[in-house]
Amino acid sequence: MERHFEKEFEELKTTINKMASIVDEQVECSFKDMEDQGARLYKSVKQRDREVDAYDNLVMAQCENLLALYQPVASDLRFILTAIKIDSQLERCGDIAVNIVQRVKRTDNFRDIISQTDLPEMAKSARIMVKDAITAFINRDNALAKTIWVNDDVVDDLNKKIFNQLVEKIKANPDLAEPCAHLIVLARQIERLADHATNISEDVIFMLENEIVTHKKKLEDFHLPE
Amino acid sequence: MEIVEQVKTESIPKNIPMNQDNVKISIQNLSAFFGKTQVLKNISIDISEKKVIAIIGPSGCGKSTFLRSINRMHEVARGTITGKIIFDGEDVMKIDPVFLRRKIGMVFQKPNPFPTMSVFNNVVAGLKLNGFRNRKALKEIVEKTLKQAALWDEVKDMMNKSGANLSGGQQQRLCIARTIAINPEVILMDEPASALDPISTAKIEELIFELKKDYTIIIVTHNMQQAARVSDYTAFFYMGELIEYADTKKMFTSPAKKQTEDYITGRFG
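Residue numbers (this note's numbering), protein chains in the order written: chain A, 1 to 226; chain B, 227 to 495.
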């Protein structure tokens, strides 16, 4: 006989996996839209965001239900806590994908600027991070999760580099100030996307290894006051 | 409880040593039997002083037998044991059972106040049984123990009423007061809150927190969350065997054994 908890727990897993798949697709489409002018994926990325928002609410409701009714412990509890955190990360990733296609739309007539910067390389790195983070979560793969945050520094460096590249372009040709400003924000969005992928990978480590690795380096010598 | 120490009975052994290394009770290779049926298999656990130890496991796993072996109640039910239970350095089998049960008190699942006795007499029943009659001292003990049992404010004006008139939660706290009135060092609790409503359960749990300042407590519970809330250490029993014994936080977050994880997450048992 299948127990209520097992049933609801499996439903939560299905919900968050579906949500993760949609977000993964949104991110994929947003970068495709950025790299390929003919792709025109703005509408589809934006439309799917409503689904992501609906899944966001559903995950929260399912987690609340499981916590209130079954008081789970150990790995079950960690999965639910992770689901709550990853749900929020995924929802923001979806928002960023929408933001990326919006910025791309606004700079449609200045596509060549994108290819003159390191934006495609940055997008490629961030894309791999998001994909790996989602795969690590769905496949419960802690080894994969641990490889993700290494790339975060690469993306951060590219963001700084791209900022300088675009500032130089504005200086050289002030008429390009508006599209370049959009692309600076776009780079910042991609950098945030990589941060969310890193956060997801840290949550996966917590879920699988019961170790809180978030802020670990930053808090090495820090203790809260008594 | 100097007053209780003054109680004179011939059965009190004089050679109970002081605690060593913070271990109050050391259980070594304990096996318990009912006739030829073995219900506990080679259990070894050290129980630390002034800590709460929760015993969890499915029905029939030997939790209650384990508890009842510690104060030799198991033999009352014609059970036998092998192995050793060392209480304060002394083999419990060499300690007079009456004295042992005074030092290792017990609270049962169902509140069992003496129905014909007043609240006052319920608390001091054990003392009176041991010949202690000083009315003034008894009054002091009653007030002190009822306060310890977080019941004083609720019953101070009904000392002469029957204990049976109290609510279930109050009756259970009365039983705890009765247990601690005779100055035990260890309190065994066999599902003390399983018959109580949530508010009474919360009061018992708060009480356990308070009591562990003075007593070592071993609690058998089917309520996993209760074990997680009140205990410092948790032991998981299954089919008479000790599967895992660990710090409660570790036990309920990342147990070492799969069987424990399956049990606490409700996948079996």
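Ideal placement from N, C-alpha and C gives every residue a C-beta, glycine not left out.
Note that the coordinates shown come from a computational prediction; the quantities given were computed from them, not determined experimentally.
Out of the options, which one is the CA nearest neighbour of residue i?
i	options	result
residue 187/A	129/A, 19/A, 108/A and 160/A	160/A
residue 317/B	447/B, 253/B and 473/B	253/B
residue 83/A	49/A, 214/A and 15/A	15/A
residue 451/B	443/B, 427/B, 442/B and 439/B	427/B
residue 410/B	462/B, 313/B and 397/B	313/B
residue 76/A	58/A, 9/A and 35/A	9/A
residue 35/A	51/A, 71/A and 120/A	120/A
residue 446/B	289/B, 268/B and 270/B	289/B
residue 42/A	13/A, 179/A, 65/A and 95/A	95/A
residue 259/B	435/B, 305/B and 249/B	305/B
residue 328/B	392/B, 420/B and 355/B	355/B
residue 266/B	321/B, 488/B and 463/B	463/B
residue 130/A	176/A, 118/A and 190/A	190/A
residue 237/A	157/A, 222/A and 115/A	This structure cannot settle anything about residue 237/A, because the visible part of chain A is limited to 1 through 226.
residue 72/A	100/A, 223/A, 28/A and 5/A	5/A
residue 261/B	275/B, 287/B and 308/B	308/B
residue 134/A	11/A, 29/A and 20/A	20/A
residue 79/A	117/A, 11/A, 51/A and 222/A	11/A
residue 86/A	3/A, 29/A, 13/A and 164/A	13/A
For residue i, which residues of its own chain have a beta-carbon under 6 angstroms away from its beta-carbon, when the five flanking residues on both sides are left out?
i	result
residue 477/B	460
residue 48/A	22 and 26
residue 145/A	136, 201, 204 and 205
residue 323/B	298
residue 423/B	none
residue 1/A	Per-residue confidence for residue 1/A stands at a pLDDT of 45, beneath the threshold of 50, marking its modelled position as unreliable; the derived number appears in the next sentence. So the list is empty, once near-sequence residues are dropped.
residue 105/A	42
residue 46/A	98
residue 246/A	Nothing about residue 246/A can be reported from this structure: the residues present for chain A run from 1 to 226 only.
residue 154/A	125
residue 341/B	390
residue 127/A	31
residue 493/B	none
Name, in chain order, the residues that DSSP records as bridge partners for residue i.
i	result
residue 305/B	260/B
residue 254/B	310/B
residue 463/B	468/B
residue 150/A	Bridge partners of residue 150/A: none, in fact.
residue 316/B	313/B
residue 168/B	Residue 168/B falls outside the range modelled here, since chain B spans only 227 to 495, and no answer is possible.
residue 162/A	In DSSP, residue 162/A forms no bridge with anything.
residue 269/B	256/B
Give me, in chain order, the residues of the same chain whose beta-carbon lies closer than 7 angstroms to that of residue i; leave out the 5 immediate sequence neighbours on both sides.
i	result
residue 264/B	257 and 466
residue 102/A	none
residue 39/A	32 and 33
residue 377/B	396, 399, 400 and 403
residue 167/A	none
residue 352/B	404, 407 and 408
residue 387/B	344 and 345
residue 287/B	463, 464, 465 and 466
residue 247/B	The predicted model places residue 247/B with a pLDDT of 44, which falls under 50 and marks its position as unreliable; any figure quoted below should be read in that light. Cβ neighbours of residue 247/B beyond the five flanking positions: none.
May I ask which residues mark the beginning and end of the beta strand (DSSP E) holding residue i?
i	result
residue 446/B	442-446
residue 416/B	412-416
residue 332/B	330-333
residue 321/B	No beta strand (DSSP E) holds residue 321/B; DSSP gives it neither H nor E.
residue 403/B	Here residue 403/B belongs to no beta strand (DSSP E); instead the alpha helix (DSSP H) covers 394-407.
residue 280/B	278-282
Residues in its own chain within less than 8 angstroms of residue i by CB, not counting five upstream and five downstream?
i	result
residue 437/B	374, 402, 406, 413 and 443
residue 349/B	367, 368, 371, 372, 400, 403, 404 and 407
residue 474/B	280, 453, 454, 457, 458, 459 and 460
residue 111/A	37
residue 472/B	459, 460, 481 and 482
residue 272/B	249, 251, 252 and 253
From which residue to which residue does the alpha helix (DSSP H) around residue i run?
i	result
residue 213/A	That residue, residue 213/A, is in no alpha helix (DSSP H); it is neither H nor E in DSSP.
residue 39/A	Residue 39/A -> no alpha helix (DSSP H), and no H or E assigned at all.
residue 425/B	424-437
residue 350/B	345-355
residue 104/A	74-106
residue 203/A	177-209
residue 385/B	Careful: residue 385/B lies outside any alpha helix (DSSP H) and carries neither H nor E.
residue 361/B	361-374
residue 294/B	289-296
residue 380/B	378-381
residue 478/B	474-479
residue 451/B	450-456
residue 224/A	Note, residue 224/A: premise wrong, no alpha helix (DSSP H); not H, not E.
### Query
Would you call the segment 140-148 of chain A and the segment 200-213 of chain A touching, i.e. three or more CB-CB distances under 8 angstroms?
yes
### Query
Are at least three pairs of beta-carbons, each pair with one atom in the segment 359-376 of chain B and one in the segment 327-337 of chain B, less than 8 angstroms apart?
no
### Task
Mind the definition here: the segment 291-301 of chain B touches the segment 482-491 of chain B only if three or more C-beta pairs lie below 8 angstroms; say whether that holds.
no
### Cβ contact (3+ pairs, closer than 8 angstroms) linking the segment 80-95 of chain A and the segment 53-61 of chain A
yes
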